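Undergrad:
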């Protein structure tokens, strides 16, 4: 940091007062790491030098004291002093009085004062004109005496009675409603010390002052306090305080206290703290004693008792109760509450509310009712509006009488959405659905492919310790908050806004989001997406790392984590799986798939069809649409396409999607295509550059759209929520309606013209792959390619076949098998050709999805090609979990996990990860021994249930041969 330079002044007695005019200098001091590094400092020199006191051996310090400035959260210097080191060595110039007029530091929050904070002190050599800077901590400055290291100064004889002026500066301390003394100095203008006087008084060090006096009206007068700084050596009680300073006075430097003493050098160490009740408005009797938030009763009434938190958590639009204990009753006094949220609360943005304590709450806004007032205890009920912004609120109480007032900070509480309240936009009337979509902290996510649907368990864990704070941090780290925090916090009353922000924050593509996506098959530097058992560990990792992205996730990881955040904040939500999900990048409602004549799939174009894709539905009213389009809304946190420049998706009304209203907000064309797009197959000849349209399928995309059923782990099909029955008149009308709305905006692509002509020649043969053996990792894959001649003529078919390992979203990993054959089919004959893929061919390239894509391009001379394709999924070995005793709250119980190696080779690097809300406080990681061929192994561990009910224990086993084997066990926990 730079230096602050002053100008030398001749202020010796011979110079006279006229030559000792104030010396001002403004200097900019750069501070590394601060957003606004320019600090402005104004320095004023002394008018007269004081008499030289006895020598001190302490070094000179310019002590600068700072405090918050009003609502802006900036800092303002309230006082500064230069202390001597060796006055004898520098003559009369050793004491240079410096007064800081204004010094503002931008870029630091108000919360920085809640803990000791390193700010700034400037140090100088005695008599020098340059003040060099150093760093100290923001505390009450202890070195405020002339020789603080030496204790009280020696008694001295005074040849003339000096006139001493005391300056006392103090400010409200944030956390405990006290006043803190920030500076005390004495100035001597007359007289010089002579020989020591043993009768001089000791130094006044620390005193406090409680005044039983009533308040006086504040008329902007000067606040006065008399301190015992001299005398005959006996302790003196402070005089009563005259309360006459306005509250606004504390936002700027003031000369608050003046006093006189005949012993100038008797003023030394500072007074530390004074109760706010004594200095601020003389309301000592009304000082806050305690606050009872009644968290247990409120938690049960507000359905927030499952949260592991000591903080009050309530839902908006519903009364909550608390009690406040004061030191004296509130007779003949007016009481007003202030509830505020966000960094810049205001009544105009609905982020701040000021409301009186009354005998009855009227209206639907903020209100407070006095239930009873007895023995200095106030029992109060408080109501928040049903449309209040959600988040953490500060609550304070202001007590006023005869035009004067005192403010006491009561603490904080968290306000959430309220699905139990009809007036709330997230209201859900069905009890069982509320329990499932808000209160259930574990669930099922469906995976696989349309012809082979599997499922995994997922631990949402929305009530686990710290998760609610992390979900609030998601909002505070969003792009919207960083761009405009005032508007962002004000918009948090709307679940539509919250859902869209969260869909962007769960991925890390544009901001400080939670999860980094990876579909490459290479997960070096992070965790395999299949290893996660739930959201809790992911969210905690994100917070602990300082909001750096957690590596890695894929669609079900994004959806599971978003589901946690939505339910945590009180928005009913569920996880949806769409099988054969289209990714249409050009909004033409067609997905283009390319093959070459050899049967090789080609990476040409950006469209794709995923075996499955997982997103979320959230339940709330759409105030921007007709009421009939409220209800379930699609939100998708997987980063696929940008929306308004950001990787976010939704909310999109499910009902509007079914009707083809793709021109409505938000992201309707993309989501409509995911469940409705046509698949167009193309044959591309790289030798000639020719591109030939092969086939069009309108019933492949959007199959078996699934979610967990209410109250059970069974699959519930919700396909008809998204579209009318495939091929029906209503389904075709909705598709044509959507296509018509999108045509003006379509990019020019091969399929931009729409569907294939119905005059296209039909093929003379058909084909399909049939599974002829068990599909298990470690075993040979056995298929049969089935052909049928559709004509009465013989046909000769040339067949090119390939097999690739793939990722579930269709990304090709590696070719593992290929073959070509020519077959002859008699009239209307059916034949099958065997396909065998050995384990040795695919073991090195098989990913955790266990997916292989087999493709055959079948060519009859002078006819169009027939493309036959099938994705197959290989089964993992089973991971078995068993609880060995009856589970009971707060009683340890043992769980056994059993695994058998099905391979004829060693299995190494065996690890087990276990997670379960209400069963384990943290995820459990266990290293397991190497398994010999065909060997069975088990491991025991203990769980400690903390909540009753049916809980879900989730396990993931990984090793060098099996990246992710899932296990799940439902455990009934008794009270």
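Numbering (the numbering used here), first residue to last: 6 to 980. Backbone N, C-alpha and C fix where the C-beta goes; we use that ideal spot for every residue, glycine too. If you're wondering where the values come from, they're calculated on a predicted model, not measured in any experiment.
1. Quick check: residue 477 and residue 567, are their CB atoms within less than 7 Å of each other?
2. Kindly indicate which three-state DSSP category residue 662 falls into: helix, strand or coil?
3. Quick check on residue 549: buried or exposed, where buried means 16 or more other Cβ atoms within 10 Å of its Cβ?
4. When you compare the stretch 387-394 with the stretch 482-500, are there three or more beta-carbon pairs, one atom per stretch, that lie closer than 8 Å?
5. Between residue 852 and residue 526, is the Cβ-Cβ spacing less than 7 Å?
6. Pull the bridge partners of residue 841 from the DSSP assignment, please.
7. Is DSSP giving residue 341 helix, strand or coil here?
8. Check residue 606 in the structure and name its three-state DSSP category.
9. Determine the contact status of residue 822 and residue 845, defining contact as a CB-CB distance below 7 Å.
10. According to the Cβ coordinates, are residue 412 and residue 401 closer than 7 Å?
11. By how many angstroms is the C-alpha of residue 918 removed from the C-alpha of residue 887?
12. Can you tell me whether residue 628 is buried or exposed? The criterion is at least 16 other CB atoms within 10 Å of its CB, across all chains shown.
13. With a Cβ-Cβ cutoff of 7 Å, do residue 655 and residue 672 count as a contact?
14. For residue 637, does the three-state DSSP call read helix, strand or coil?
15. Measuring CA to CA, which of 631, 742, 613, 638 is closest to residue 705?
16. Look up residue 355 in the DSSP assignment and say whether it is helix, strand or coil.
17. Got a sec, what are the start and stop residues for the beta strand (DSSP E) residue 709 sits in?
18. Of the residues 643, 593, 617, which one's Cα is nearest the Cα of residue 584?
19. Check whether the stretch 865-879 touches the stretch 786-805, counting contact only when three or more Cβ pairs, one atom from each stretch, lie closer than 8 Å.
20. Return the residue from the list 652, 820, 776, 516 that minimises the CA-CA distance to residue 456.
21. Who are the Cβ neighbours of residue 3 in its own chain at under 8 Å, not counting the five residues just before and after it?
22. For residue 915, which residues does DSSP report across the bridge?
23. Label residue 901 either buried or exposed according to how many other C-beta atoms from any shown protein chain fall within 10 Å of its C-beta, with 16 as the threshold for buried.
24. Check residue 705 in the structure and name its three-state DSSP category.
25. Could you work out which residue in 744, 441, 880 is closest to residue 780 when comparing CA atoms only?
26. In whole angstroms, what is the alpha-carbon distance linking residue 646 and residue 658?
27. Please classify residue 961 as buried or exposed, where buried requires at least 16 other C-beta atoms within 10 Å of its C-beta.
28. Could you pull out every residue in the same chain whose Cβ sits closer than 7 Å to the Cβ of residue 716, ignoring the five residues on either side in sequence?
29. Cα separation between residue 719 and residue 713?
30. Mind listing, in chain order, the continuous alpha helix (DSSP H) runs of no fewer than 4 residues lying wholly within the stretch 543-577?
31. If you follow the alpha helix (DSSP H) that residue 745 is part of, which residue opens it and which one closes it?
32. So the candidates are 608, 380, 316; which of them puts its Cα closest to the Cα of residue 415?
33. What's the C-alpha gap between residue 782 and residue 964?
34. Between the C-alpha atoms of residue 925 and residue 552, what's the straight-line distance to the nearest angstrom?
35. Check each candidate in 606, 948, 810 and name the one with the smallest Cα separation from residue 819.
36. Which complete alpha helix (DSSP H) runs does the stretch 836-900 hold, if anything under 4 residues is left out?
TA: Concretely, from the data shown:
1. Cβ distance not < 7 Å, so residue 477 and residue 567 don't count as in contact.
2. helix
3. Classification of residue 549: exposed, given that the 10 Å Cβ count is below 16.
4. yes
5. The criterion of a C-beta distance shorter than 7 Å is satisfied by residue 852 and residue 526.
6. 787
7. strand
8. strand
9. One thing to note: residue 822 has its Cβ no nearer than 7 Å to the Cβ of residue 845.
10. Yes.
11. 15 Å
12. exposed
13. yes
14. strand
15. 613
16. coil
17. 708-713
18. Distance check between residue 584 and each of 643, 593, 617 places 617 closest, using alpha-carbon atoms only.
19. yes
20. Nearest option by C-alpha distance: 776.
21. Examination of residue 3 is not possible in this model, given that the chain is present from 6 through 980 alone.
22. 933
23. exposed
24. Coil.
25. Comparing C-alpha distances from residue 780 to each of 744, 441, 880 shows the shortest one belongs to 880.
26. 18 Å
27. buried
28. 437, 441
29. 6 Å
30. 560-574
31. First-last of the alpha helix (DSSP H) with residue 745: 734-747.
32. 316
33. 13 Å
34. Spanning the two alpha carbons is a distance of roughly 24 Å.
35. 810
36. 844-847
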